[in-house]
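K.L.:
Pasting in a structure now, in structure tokens, and then I'll have a few things to ask.
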Ligand SMILES: CC(C)(COP(=O)(O)OP(=O)(O)OC[C@H]1O[C@@H](n2cnc3c(N)ncnc32)[C@H](O)[C@@H]1OP(=O)(O)O)[C@@H](O)C(=O)NCCC(=O)NCCS
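In this note's numbering, the protein residues as written are 2 to 232.
In structure tokens, the structure reads:
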């Protein structure tokens, strides 16, 4: 059971969220218990990256393979993603094994599990640039867990981690122009629209238009509901 909001827990720093309060761009405010500030932390020895009111963002482990294969095999979930369905269990086993032992500090793609009370409900992907100051993000929720604010909650905490703990300068994201839920999520998180790449990504038999978004650390920090309080 998650600890009550504002109660310290051992291990990774807990990120609490005042349920109804929305900050800049509709992002949920993050309350660490001592004012509006953020965010999560990482113990090297822990598999948990950070916690929010409802969720844990953690490393993948072998037991996640079946759930990962199940939600990635859902044609609706995969509609605007590059993978094909069904997503074979063997592929999921290989993927979670690589993620379980991989180094998230290294440039390239890495993914974290979004966990709701012990159930894998989705994942956050982050592609760290070689300069380690920029990254792209991606995200997926199993269909049953969409429309409940989980992606906003997980990504608000995760962006805080990227900007505050890892010192990133910029985070980029993109989505198919028809993926309105994804675009809405990015805008809710404070991402700025940066254009559209026409017929840029090959997804499920067609060239697709790709909306571009970016969020700067300065923009994140300027919003007192998210990154550190401005000085
Ligand atoms: C993109 C994706 C993660 C967005 O998921 P989502 O459920 O829309 O986003 P959230 O989890 O933040 O939920 C927000 C919705 O929950 C609603 N909501 C319900 N209860 C809520 C609560 N307690 N707190 C906050 N929001 C809540 C919000 O009103 C919002 O609905 P709206 O967009 O209709 O206004 C999801 O659609 C997905 O996984 N798609 C498939 C994979 C994919 O395409 N990934 C992106 C590739 S670019």
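Even glycine gets a Cβ: it sits at the ideal position worked out from N, Cα and C.
(1) Work out the CA separation of residue 184 and residue 198 for me, nearest whole Å.
(2) Going by DSSP in three states, residue 51 sits in which element: helix, strand or coil?
(3) In the DSSP output, which residue or residues are listed as bridge partners for residue 224?
(4) To the nearest angstrom, how far is the alpha carbon of residue 179 from that of residue 80?
(5) Going by alpha carbons, who is nearest to residue 151 out of 125, 222, 205?
(6) What number of angstroms, rounded off, separates the C-alpha of residue 168 from the C-alpha of residue 147?
(7) Can you check which of these residues, 61, 67, 57, is closest to residue 111 by C-alpha distance?
(8) Buried or exposed: residue 144, going by 16 or more other Cβ atoms within 10 Å of its Cβ?
(9) Could you say which of 99, 160, 114, 72 lies nearest to residue 173 if we only look at CA atoms?
(10) Below 7 angstroms, is the gap between the Cβ of residue 193 and the nearest heavy atom of ligand 1?
(11) Mapping DSSP to helix, strand and coil, what is residue 190?
(12) Select from 153, 97, 114, 65 the residue whose C-alpha is nearest the C-alpha of residue 59.
(13) So, using beta-carbon positions, are residue 56 and residue 154 closer together than 8 angstroms?
(14) Apply the 10 Å Cβ neighbour rule to residue 109 and answer buried if 16 or more other Cβ atoms are within range, or exposed otherwise.
(15) Less than 6 angstroms between C-beta atoms, sequence neighbours within five positions excluded: which residues of the same chain meet that for residue 88?
(16) So, with DSSP's three-state summary, where would you put residue 65?
(17) Please name the residue, chosen from 187, 78, 176, 221, that lies closest to residue 211 on a Cα-to-Cα basis.
(18) Where do the ends of the beta strand (DSSP E) carrying residue 85 lie?
(19) From residue 202 to residue 67, what distance separates their C-alpha atoms?
P.N.:
In short, the structure shows the following:
(1) Within the chain shown, the letter at position 197 stands for residue 198. Within the chain shown, the letter at position 183 stands for residue 184. CA-CA distance, residue 198 to residue 184, rounds to 14 angstroms.
(2) In the chain shown, counting from the first residue as 1, residue 51 sits at position 50. Residue 51: strand per DSSP, three-state reduction.
(3) The sequence position of residue 224 within the chain shown is 223, counting from 1. Partner(s): none; residue 224 has no beta bridge.
(4) Here residue 179 refers to the residue found at position 178 of the chain shown. Here residue 80 refers to the residue found at position 79 of the chain shown. Roughly 10 angstroms between the two C-alpha positions.
(5) What you label residue 151 is simply residue 150 of the chain shown in a count that begins at 1. Taking only the C-alpha atoms, the option nearest residue 151 is 125.
(6) In the chain shown, counting from the first residue as 1, residue 168 sits at position 167. In the chain shown, counting from the first residue as 1, residue 147 sits at position 146. Taking the straight line from one Cα to the other gives about 30 angstroms.
(7) Numbered from 1 along the chain shown, position 110 holds the residue referred to as residue 111. The option with the nearest alpha carbon to residue 111 is 61.
(8) Counting from one through the chain shown, the residue named residue 144 turns up at place 143. With fewer than 16 Cβ atoms within 10 Å of its Cβ, residue 144 is classed as exposed.
(9) To locate residue 173, count along the chain shown from 1; it is residue 172. That would be 160, whose Cα lies nearest to the Cα of residue 173.
(10) The count along the chain shown starts at 1 and reaches residue 193 at position 192. Outside the cutoff, so no.
(11) Position 189 of the chain shown, counted from the first residue, corresponds to residue 190. Here DSSP, grouped into helix, strand and coil, assigns residue 190 to coil.
(12) Locating residue 59 in the chain shown gives position 58, counting from the first residue. For residue 59, the nearest C-alpha among the options comes from 114.
(13) Start at 1 with the first residue of the chain shown, and residue 56 comes out as number 55. Start at 1 with the first residue of the chain shown, and residue 154 comes out as number 153. Yes, Cβ-Cβ distance for residue 56 and residue 154 is below 8 angstroms.
(14) The residue given as residue 109 occupies position 108 in the chain shown. By the 10 Å Cβ count, residue 109 comes out exposed.
(15) Along the chain shown, one-based indexing puts residue 88 at 87. Excluding positions up to five away in sequence, the list reads 70, 73, 74.
(16) For the purposes of this step, residue 65 is identified with residue 64 of the chain shown, where counting begins at 1. Reduced to three states, the DSSP call for residue 65 is helix.
(17) Start at 1 with the first residue of the chain shown, and residue 211 comes out as number 210. Looking at the Cα atoms, 176 is the closest of the given residues.
(18) Position 84 of the chain shown, counted from the start, is the residue given in the question as residue 85. Here residue 85 belongs to no beta strand (DSSP E), and DSSP marks it neither H nor E.
(19) Along the chain shown, read from residue 1 onward, the residue named residue 202 stands at position 201. Along the chain shown, read from residue 1 onward, the residue named residue 67 stands at position 66. Distance between the alpha carbons of residue 202 and residue 67 is about 28 angstroms.
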